[in-house]
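Before any comments, here is the structure.
Number of protein chains: 2
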Amino acid sequence: MAEQERAIRTRRTILFAAAKVFQEHGYQAATISQILAEAGVTKGALYFHFPSKEDLAQEVLLSQNQDFFVPDRPSKIQEIVDMVLLHTYRLQTDPLVQAAVRLSLDELAHGVNRGESFIHWDNLLQERLEKAQAQGELLPHIVPAETSGVLVGAYTGIQSLSQALSKHQDLSTRVTALLRHLLPSIAVPSILASVDMSQDRMLKLHADMTAQAQAQAQ
Amino acid sequence: MAEQERAIRTRRTILFAAAKVFQEHGYQAATISQILAEAGVTKGALYFHFPSKEDLAQEVLLSQNQDFFVPDRPSKIQEIVDMVLLHTYRLQTDPLVQAAVRLSLDELAHGVNRGESFIHWDNLLQERLEKAQAQGELLPHIVPAETSGVLVGAYTGIQSLSQALSKHQDLSTRVTALLRHLLPSIAVPSILASVDMSQDRMLKLHADMTAQAQAQAQ
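Protein chains in written order, with UniProt numbering: chain C, 1 to 218; chain F, 1 to 218.
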């Protein structure tokens, strides 16, 4: 058991080191040697967990979904807003999520399946939009598969812009502005009137997610 | 005159070569030697036009605005849609514009003022939104400075997503979906009803821009 725990910890150390090196040098220029130096582990340990640089990148990309937990809500539009708020909080605070988003936008990350993380988000949102539609929360013309693509794309750019102009300092403000511009074209007015996208809610969502992750780890 | 023309041509050759090298290797890894080899010019010629790699990047960034021409329209919302359509066409067809957009999103382009091109677009849109507001085209709650940021950010991400998933093949479809989701929260219904965002209009706008650029060159 202690050995298994040690393996999990080593894996995590390597992943954080890889995220940092990808973040600093970009995927193409990053080398396994840099990651080894950053992680302080042996070559053998690294290759035991990750057979290649592509695998490391793919795991960093997937890490943004790890432990991501948003409770069920009666309103599926609120659930979508909650997902957006929680991701926003993590993007401002979690280096692994920052590295994952950066990698997903790295056009020079050849051999890495960058599309996968976009499709993952698209699927999560589409699923909620379909439920929202089934319970009458959406305007009649909405096609969930189209609207999910608009949400994922628009969010992606809002974070790029916020990163370029303020290193994500103004991310929350820009994200709520985006939601206020998009939701009225998606949801019926009675749903809009009760959507909560406050800073307080964002902090509460993160606390809940952390508690959930700890409960599962025990 | 012939000499001046030659200088303009050389400058353009260097700029295209730089765009290609930045596109292939990213800003950080790109070298002046690679750009020289690609352009087939002497070191002296390059440094005569561009004192440094940063200058080259800044010029590539600015190039997306070069010759960008959208005629005045009675509806300023239509004028904004026209700008979006024209930029979309250029992003699908012009390697210099592609390189400029990629550079503006290159987090490793240290020393390059990436924010400038976002702010340029933000200003262009904000100016049109203010005119639209003055002539009653906008919904009462709209704040032009906020809405311009939403438009620039959302567009940026739609192109990133389209680049990652289809190498910009589905860009037009995604862009019109975005506009259909954003405009109803921005413009009054009577304006929405007459907005044209067709493929035909996009092609016509590009033809007009090209004619305008040729007329100015003469």
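Using N, Cα and C, we set each Cβ at its ideal position, and we do this for glycine too.
The structure presented is a predicted model; accordingly, all values stated were derived computationally and were not measured.
| Asked | Found |
| --- | --- |
| When DSSP labels each residue in this structure, what does Leu183(C) get in the three-state scheme? | helix |
| If you check the beta carbons only, do Gln58(F) and Asn113(F) fall under 8 angstroms apart? | yes |
| For the alpha helix (DSSP H) containing Phe69(C), list its first residue and its last residue. | Counting along the chain, Phe69(C) falls outside any alpha helix (DSSP H), and DSSP gives it neither H nor E. |
| Buried or exposed: Tyr27(C), going by 16 or more other Cβ atoms within 10 Å of its Cβ? | buried |
| What whole-angstrom Cβ distance do Leu138(F) and Val195(F) have, given they're in contact under 8 angstroms? | The pair is not a contact, with the Cβ atoms about 13 angstroms apart (cut-off 8 angstroms). |
| Please list, in chain order, the residues of the stretch 129-153 of chain F that have any C-beta partner in chain C closer than 8 angstroms. | Glu146, Thr147, Gly149, Val150, Val152, Gly153 |
| Hey, Gln92(C) and Leu171(C) are a contact pair by Cβ (cut 8 angstroms); roughly how many whole angstroms apart? | 6 angstroms |
| What would DSSP say about Leu151(C), mapped onto helix, strand or coil? | helix |
| Less than 8 angstroms between the CB atoms is what I'm expecting for Val175(F) and Val84(F), so what's the real figure, rounded? | 6 angstroms |
| Rounded to whole angstroms, how far is the Cβ of Leu182(F) from the Cβ of Ala154(F), which I believe are closer than 8 angstroms? | 7 angstroms |
| Can the beta-carbon of Lys20(F) be found less than 8 angstroms from the beta-carbon of Glu38(F)? | yes |
| Decide yes or no for the touch test of the stretch 202-215 of chain C against the stretch 68-76 of chain C: beta carbon pairs closer than 8 angstroms, at least 3 of them. | yes |
| With which residues is Leu138(C) paired in a DSSP beta bridge? | Ala187(C) |
| As an exercise, report each continuous alpha helix (DSSP H) stretch of at least 4 residues that is fully enclosed by the stretch 84-111 of chain F, in chain order. | 95-104 |
| Of the residues that make up the stretch 181-210 of chain F, which ones have a beta carbon closer than 9 angstroms to any beta carbon in chain C? | His181, Leu182, Leu183, Pro184, Ser185, Ile186 |
| Could you name each continuous alpha helix (DSSP H) segment of 4 residues or more that falls completely within the UniProt DNA-binding region "H-T-H motif" (31-50) of chain C, going from the start of the chain to the end? | 32-39, 43-49 |
| Taking 8 angstroms as the threshold (C-beta atoms), are Lys76(F) and Arg128(F) in contact? | yes |
| Kindly give me the distance between the Cβ atoms of Gln126(C) and Ser148(C), rounded to whole angstroms, as I take these residues to be in contact under 8 angstroms. | 4 angstroms |
| So that I know if they touch, is there some Cβ in chain C lying closer than 8 angstroms to that of Gly111(F)? | no |
| Here's the rule I'm using: 16 or more other beta-carbon atoms within 10 Å means buried, otherwise exposed. How should Arg90(C) be labelled? | buried |
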